[in-house]
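Going by the working numbering, the first residue of the sequence shown is number 1, and it counts up by one from there. The beta-carbon is built from N, C-alpha and C at its ideal position, and this holds for glycine as well. The structure presented is a predicted model; accordingly, all values stated were derived computationally and were not measured. Notes follow once the structure below has been shown.
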Amino acid sequence: MPCQSKNDIPKTVKVLDIKSENPFVKTFTLDISVGAQPGQFVMIWIPRLNEKPFSVAFDDGNELKIAIAAVGEFSNAMHDLKVGDKVGVRGPYGKPFEYEDSEHLAVIGGGYGAAPLYFLAHEAVERGCKVEFVVGARNKENLLFLNRAGMLADTNVHVATDDGSEGHKGYNVPLLEKLMDEGLKVDRMLTVGPEMMMIAVSDLALKHDLPCQVSVERYMKCGFGVCGQCVVDESGMPTCLKGPVMDHKLAREQVEFGKYHRDRVGRKQEW
Ligand SMILES: Cc1cc2nc3c(=O)[nH]c(=O)nc-3n(C[C@H](O)[C@H](O)[C@H](O)COP(=O)(O)OP(=O)(O)OC[C@H]3O[C@@H](n4cnc5c(N)ncnc54)[C@H](O)[C@@H]3O)c2cc1C
Ligand code: FES
């Protein structure tokens, strides 16, 4: 049974920096470290508005970064913040990505998934890993964190866009498959992004008999296993506790993975 800890009470912290990554996503640097590992998330609170989950895009022990796409009321309110404004932060929550030192990793991201994957790649390189950073987006404008990933040691960046405006024309998973058909060998696949993309990654991992983890995001309120908002159907598994990062085989056992999710009042929403 989860219990409340000091991490479950929001700490009010200053916004130290705001950077526009592309026309839709801003990265916020907050004056706090929550000691997060790649794959974990925090709950961000704007007083008198709401509290929402966001993946940790970086935590260096002094400052926390989160990359937020403006999609609705809360995320737009975040985009309206100015340096010096304050937000509440609690966490970190959820399970991080797991891998061994010195492995050769394929990290595969779509959409804002590239943000936690940059954090993952950065840590993995420090642990002696070699990284294939495989990102996809609708078009060039939607790509995230490419330059930063390109500056990491021992990291090869592979880009795919649906319209061919940057890199390979098409999806990123067929690009990775092509590289593997041409001889690329990796020890493990780690992925964050749209569920259809993660299923394609999982299929590729099964084909090559490789370990694989995916990040399953569901509507979250408490973040630590109490409210029941984020459970997946039938198994009743709370994704905030058992995920968001989990083995791809466990994710595939959930009937709703890749098919639908539920909104704030539990209505089914097709992906
Ligand atoms: C573990 C996790 C990590 C996430 N990491 C990021 C991230 O790094 N960057 C980012 O931009 N977004 C991230 N999200 C999604 C983010 O929480 C939603 O985009 C945000 O809450 C939207 O709120 P809104 O009021 O702006 O939009 P709304 O209009 O309320 O919602 C737009 C869509 O966002 C999703 N959403 C809304 N509220 C929640 C909620 N409480 N929990 C989960 N999904 C919700 C729903 O799919 C909804 O259809 C993450 C979600 C989860 C669960
Ligand atoms: S968000 Fe409350 S149980 Fe998972």
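Going by C-alpha positions, Glu-182 is about 10 Å away from Leu-176.
Judged by DSSP secondary structure, Pro-116 falls within the alpha helix (DSSP H) whose first and last residues are 114-126. When secondary structure is reduced to three states using DSSP, Val-201 falls in the helix class.
The shortest CA-to-CA distance from Leu-144 to any of Glu-270, Pro-23 and Lys-14 is the one to Pro-23. In the three-state scheme derived from DSSP, where H, G and I count as helix and E and B as strand, His-168 is classed as strand. With distances taken between CA atoms, Lys-86 lies nearest to Lys-11 out of Lys-249, Lys-11 and Ile-68.
Under the three-state reduction of DSSP, Asp-17 is assigned to strand. Rounded to the nearest whole angstrom, the CA to CA distance from Arg-138 to Thr-161 is 5 Å. For Ser-75, the enclosing alpha helix (DSSP H) has its first and last residue at 73-79.
With a contact defined as Cβ atoms closer than 8 Å, Ile-44 and Phe-58 miss out at about 15 Å.
With three or more CB-CB distances shorter than 8 Å, the region 184-195 counts as touching the region 91-105. If you look at Gly-150, you'll find it in the alpha helix (DSSP H) that goes 146-150. For Phe-224, the distance from the CB to the nearest heavy atom of ligand 2 is below 8 Å. Around ligand 1, the residues selected by a Cβ distance under 5 Å to any of its heavy atoms are Phe-41, Lys-52, Pro-53, Phe-54, Ser-55, Ile-68, Ala-69, Val-71, Gly-72, Glu-73, Phe-74, Ser-75, Tyr-112, Glu-217, Tyr-219, Met-220 and Pro-244, following chain order. When secondary structure is reduced to three states using DSSP, Pro-194 falls in the coil class, being assigned neither helix nor strand. For Lys-140, no alpha helix (DSSP H) run applies, since DSSP gives it neither H nor E. Using a Cβ distance threshold of 9 Å, Asn-62 and Ala-70 do not count as a contacting pair. Contact between the region 115-131 and the region 26-42 is present: 3 or more CB-CB pairs across the two stretches fall below 8 Å.
The closest heavy atom of ligand 2 lies less than 8 Å from the beta carbon of Leu-241.
Looking at Glu-51, Leu-64 and Gly-91, the one whose alpha-carbon comes closest to that of Arg-264 is Glu-51. At the C-beta level, Gly-111 and Asn-147 stay beyond 9 Å of one another. Remark: the C-beta of Cys-129 is outside contact range of ligand 2, defined as less than 8 Å to any heavy atom.
The beta carbon of Ile-18 sits closer than 8 Å to those of Lys-26, Thr-27, Phe-28, Thr-29, Leu-81, Lys-82 and Val-83, all from its chain and outside the five residues before and after it, given in chain order. When the beta-carbon positions are compared, Thr-239 and Glu-253 stay at least 9 Å from each other. The closest heavy atom of ligand 2 lies 8 Å or more from the beta carbon of Val-89. For the pair Met-197 and Cys-230, the Cα-to-Cα distance works out to about 21 Å. Following the DSSP letters along the chain, one finds Glu-270 in no alpha helix (DSSP H) but inside the beta strand (DSSP E) bounded by residues 268-270.
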